[in-house]
Amino acid sequence: MGFSAPRFAARPSVDDGARHPVIVVGGGLVGLTAALDLAQRGIAVVVLDEDDTVSEGSRAICFAKRTLEIFDRLGLGRRMREKGVQWNTGRVFRGAREVWHFDLLPEPGHANPAFVNLQQYYAEAWLVEACLATGLVDLRWKHRVTLVEPGAEGVRLAVETPFGVVGLVADWLLACDGARSFVRESLALPFTGQVFRDRFLIADVVMRADFPPERWFWFDPPFHPGQSVLLHRQPDDVWRIDFQLGWDADPESERQPERVRARVRTMLDATVGPEAAFELEWVSVYTFRCRRLERFRHGRIFFVGDSAHQVSPFGARGGNGGVQDADNLGWKLALVLQGAAPEALLDSYDAERIPAADENILHSTRATDFITPKTAAARAYRDAALALAGEHAFARGFVNSGRLSRPCVLAGSPLSTDGGASGLAPGTPVPDAPVLRDGVATWLLAELGRDFTVLAFGDPAAAPEGAIVVSATPAPGVLWDHEGLAARRFGAEAGHVVLIRPDQHVAAHFDRFDAAALAEARRRAMAA
Amino acid sequence: MSGADRMGLDDPDAVFAALVAAHAGLDEASSRRLDAMLVLLLAHAVGDTGRVMAAIAEARRLI
Numbered sequence: 000m001g002f003s004a005p006r007f008a009a010r011p012s013v014d015d016g017a018r019h020p021v022i023v024v025g026g027g028l029v030g031l032t033a034a035l036d037l038a039q040r041g042i043a044v045v046v047l048d049e050d051d052t053v054s055e056g057s058r059a060i061c062f063a064k065r066t067l068e069i070f071d072r073l074g075l076g077r078r079m080r081e082k083g084v085q086w087n088t089g090r091v092f093r094g095a096r097e098v099w100h101f102d103l104l105p106e107p108g109h110a111n112p113a114f115v116n117l118q119q120y121y122a123e124a125w126l127v128e129a130c131l132a133t134g135l136v137d138l139r140w141k142h143r144v145t146l147v148e149p150g151a152e153g154v155r156l157a158v159e160t161p162f163g164v165v166g167l168v169a170d171w172l173l174a175c176d177g178a179r180s181f182v183r184e185s186l187a188l189p190f191t192g193q194v195f196r197d198r199f200l201i202a203d204v205v206m207r208a209d210f211p212p213e214r215w216f217w218f219d220p221p222f223h224p225g226q227s228v229l230l231h232r233q234p235d236d237v238w239r240i241d242f243q244l245g246w247d248a249d250p251e252s253e254r255q256p257e258r259v260r261a262r263v264r265t266m267l268d269a270t271v272g273p274e275a276a277f278e279l280e281w282v283s284v285y286t287f288r289c290r291r292l293e294r295f296r297h298g299r300i301f302f303v304g305d306s307a308h309q310v311s312p313f314g315a316r317g318g319n320g321g322v323q324d325a326d327n328l329g330w331k332l333a334l335v336l337q338g339a340a341p342e343a344l345l346d347s348y349d350a351e352r353i354p355a356a357d358e359n360i361l362h363s364t365r366a367t368d369f370i371t372p373k374t375a376a377a378r379a380y381r382d383a384a385l386a387l388a389g390e391h392a393f394a395r396g397f398v399n400s401g402r403l404s405r406p407c408v409l410a411g412s413p414l415s416t417d418g419g420a421s422g423l424a425p426g427t428p429v430p431d432a433p434v435l436r437d438g439v440a441t442w443l444l445a446e447l448g449r450d451f452t453v454l455a456f457g458d459p460a461a462a463p464e465g466a467i468v469v470s471a472t473p474a475p476g477v478l479w480d481h482e483g484l485a486a487r488r489f490g491a492e493a494g495h496v497v498l499i500r501p502d503q504h505v506a507a508h509f510d511r512f513d514a515a516a517l518a519e520a521r522r523r524a525m526a527a
Numbered sequence: 000m001s002g003a004d005r006m007g008l009d010d011p012d013a014v015f016a017a018l019v020a021a022h023a024g025l026d027e028a029s030s031r032r033l034d035a036m037l038v039l040l041l042a043h044a045v046g047d048t049g050r051v052m053a054a055i056a057e058a059r060r061l062i
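So the sequence lines, in the order shown, correspond to chains A and B.
Numbered as in numbering that gives the first Met the number 0, the first sequence ends at 527 without a single skipped number.
Numbered as in numbering that gives the first Met the number 0, the second sequence ends at 62 without a single skipped number.
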């Protein structure tokens, strides 16, 4: 079969008492992304992971367009697109009947699809390779943090390894250790929100089947009456099936292979046919929660990903939200460590990512409330919306099987400047567009690089020095916006100047070039 | 929207009777679902989020 889990060698840490600029706790999807991003910015990173392999099971399978764009910058996007199952369409069924379908990327002209389905273990294995290739990431397997002592000058850690206990000190600690974060518990920080009184069986099933590469969601299907079922296709003929079980289900008996096989068999008999053969690869039973920390930065400790906020999976906002946290923090921490920006820049991580987490929690809570109605009234409205949706297009707007992850607009960010231009607002992630550079087809996002970028629309002669020029006509060295999509998506006219942050969000959008205003916007974007 | 403002419907008695009659023979759950469908259809017919929100608040106030 496709994937065999790597075993990484645990080596003794011979630097007892050493101080490191950045220590990442947790070498999962988010921790490895953060480490790779920092290393590519020239920062040495130590990653401590209590295990010696990658994720078990597919877990965060749906990588959203914005995450793929981040992975493009990190050099892994192409690999994810080529291996992963690309999809843009979601179908919603009520009973056996399709109620409607939606297209998440209805217009062409983007390097990435709305989503790529890929088992989390592939992403992690490739991130490990990429981290090692930088020469700056020190991956320490079988290293379990057992003590966290925050201090004004650094964070002291005790780390248990197969070779004994070592002490390490971090200038900055990134807690990427998941929903049950040991670092968070050590600091006794409240992690508050709600638990949904429901249970879900999540299974990776290996089978040959002809379902198209789409997201299929059933409300009350004949093969699993009264509950919902979600189906996703993954590479290697692995299918991810989520069965809603209800609160009364017993998690122990539900995860027994025979019981799971019977559920899958019933589903396949009703959808593919009795001849369809399958094997179980991974099974888990979950209760979903939506909760977060009050703040994500605590002095020299940053909580990144699930350690900071937890969402239910409807909408694919967990892994994608965590990767966007890492993307938000990496450039800021690198600038501070390099002495190019003041520590105040790090406060903007809270200012920007707490609203993003709230947005993800809001959407995933609403979806979970729709799928698991809490009251008779909620159930009546849910069923009413589903009953209407087949024939009344307006009612489809009410049906919520998950509002799928969209990039967060950092509205109200303290790093943003109002440049006075109409069009794309500050805080918005830069939209992609096909462009030609000296006759070669490329993508706008691929041209942005890793640092601050100034985009100038229109005449190259009028553009600020060092700007990337986006022109409606071809000229040497410019990005020729040959379809006009870049200008349209930015809402930019000739003369507009856009300051773009290292994480590809707009910092300021000016309707004309003013050197002083641009310099001021750049200072503000670095909290200087 | 206070009660005495205006009567937008030319035959309120008929509408009232039709609303009640629509529930004839339905069990509690179906009756509830019927009402929910009516609310969603009417919210769409109103076509204005602010007015729908105001109606929700008004109904809740009077409970």
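Positions of the beta carbon are idealized from the N, C-alpha and C atoms, including for glycine.
As the structure is a computational prediction, the values presented were derived from the model and not from experiment.
Taking 8 Å as the cut-off, the Cβ atoms of A377(A) and G401(A) do not count as close. For V497(A), the closest alpha carbon among the candidates A518(A), L328(A) and A43(A) is that of A518(A). With respect to chain A, the C-beta atom of R31(B) has a partner C-beta closer than 8 Å. Here F15(B) is exposed. Its C-beta has fewer than 16 other C-beta atoms within 10 Å. Remark: C-beta atoms of N87(A) and L104(A) approach each other more closely than 8 Å. Look at H43(B): its C-beta is under 8 Å from a C-beta on chain A.
For the pair F302(A) and F509(A), the Cα-to-Cα distance works out to about 34 Å. Runs of the alpha helix (DSSP H) spanning 4 or more residues and lying entirely within the stretch 458 to 523 of chain A occur at 484 to 489, in chain order. Apart from the 5 residues on each side of it in sequence, L344(A) sits with its Cβ closer than 7 Å to the Cβ of K331, L334, V335, M525 and A526 in its chain, given in chain order. In this model, T160(A) and A132(A) are separated by some 24 Å (Cα to Cα).
Taking 8 Å as the threshold, the shortest C-beta distance from A54(B) to chain A does not fall below it. Contact between S306(A) and R155(A) does not hold, since their C-beta atoms are separated by about 19 Å, which reaches or exceeds 8 Å. Cα atoms of G94(A) and R296(A): separation of roughly 46 Å, rounded to the nearest angstrom. The alpha-carbon separation between G225(A) and A33(A) amounts to approximately 41 Å. A straight-line Cα-Cα distance of about 18 Å links L173(A) and K141(A). Here the stretch 382 to 395 of chain A does not lie against the stretch 433 to 450 of chain A, with fewer than 3 beta-carbon pairs under 8 Å apart.
For chain B, the residues of the stretch 381 to 393 of chain A that bring a beta carbon within less than 9 Å of one of its beta carbons are R381, D382, A383, A384, A386, L387, H391 and F393, in chain order. For the stretch 359 to 379 of chain A, the residues whose beta carbon sits under 9 Å from a beta carbon of chain B are, in order, A375, A376, R378 and A379. The Cβ of F397(A) sits closer than 8 Å to at least one Cβ of chain B. Relative to P149(A), the option among A187(A), H109(A), E123(A) and G163(A) whose CA is nearest is A187(A). Following the DSSP letters along the chain, one finds L126(A) inside the alpha helix (DSSP H) bounded by residues Q119 to T133. Two segments are said to touch when three or more pairs of C-beta atoms, one from each, lie closer than 8 Å; by this definition the stretch 230 to 243 of chain A does not touch the stretch 409 to 421 of chain A. Ranked by Cα distance from F512(A), the first of A462(A), H231(A), E274(A) and Q85(A) is A462(A).
If you draw a 10 Å sphere on the C-beta of E123(A), you find 16 or more other C-beta atoms in it, and that means buried. When rounded, the separation of the alpha-carbon atoms in N327(A) and M79(A) is 21 Å. Taken atom to atom, the span from the alpha-carbon of E293(A) to that of A208(A) is near 45 Å. For a cut-off of 8 Å, the C-beta gap from A356(A) to R291(A) is around 5 Å, short enough to register as a contact.
DSSP lists R90(A) and L230(A) as the beta-bridge partner residues of W215(A). Between the alpha carbons of V429(A) and R262(A) lies a gap of roughly 44 Å. DSSP places Q323(A) within a helical segment (H, G or I) once states are collapsed to three. For A35(B), the closest Cβ of chain A is nearer than 8 Å. Under the three-state reduction of DSSP output, P433(A) falls in the strand class. By the Cβ-count criterion, E280(A) is buried, with 16 or more other Cβ atoms from all chains shown falling within 10 Å of its own Cβ.
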